[in-house]
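Structure first, commentary second.
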Amino acid sequence: MRGVLGSGRSQPILKTSAKTNIGHLEAAAGVAGLIKCICMLNFSTGSPNCHLVTLNPHLDVAGFPVLFETEATDYGLNSGLTGVSSFGFGGTNARADVWGHATYGARYCISGVVMKPQAIAW
């Protein structure tokens, strides 16, 4: 993730987990993460990691622009990109990236989307 999302980044990546809010749902864990991503986009706010007090000392985040939220965090924009990764028990892995704009709250924009996604050159 650091190699793909970390290079040339000016704003930190907001890291959160649906598991801290509702627990691990086995087969529905990926769907719960996707719903949380959509809710975060609707309000343009990163939701907190419940019960996070101290990061694991074995987690290497030095030089990586990442923020582990402990309270609701405003994106600072009315649109954004979120993603969810799901790693299944049997080795099945899935990834979904969702782009959207605020439809509720302080960042709601009645005239539509202000920030447009950039095209990816392959």
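Here the sequence shown stands for residues -9 to 112, numbered as in the working numbering.
C-beta atoms are modelled at their ideal positions from N, C-alpha and C, and glycine is treated no differently.
Query	Result
Straight-line Cα distance separating threonine 93 from leucine 67	12 Å
Bridge partner(s) assigned by DSSP for arginine 85	Ser75
Buried or exposed (CB count within 10 angstroms, at least 16 for buried), tyrosine 98	exposed
Those runs of the alpha helix (DSSP H) which lie wholly inside the stretch -5 to 69 and span at least 4 residues	9 to 12, 19 to 33
Touch test, the stretch 51 to 71 against the stretch 18 to 36, Cβ-Cβ under 8 Å, three pairs minimum	yes
Beta-bridge partners of glycine 90, as assigned by DSSP	Gly70
Residue from Gly73, Val88, Val43 with nearest C-alpha to lysine 5	Gly73
Contact belief for alanine 8 with alanine 22 at Cβ below 8 Å, rounded distance in angstroms	4 Å
8 Å Cβ cutoff met for threonine 10 and leucine 45	no
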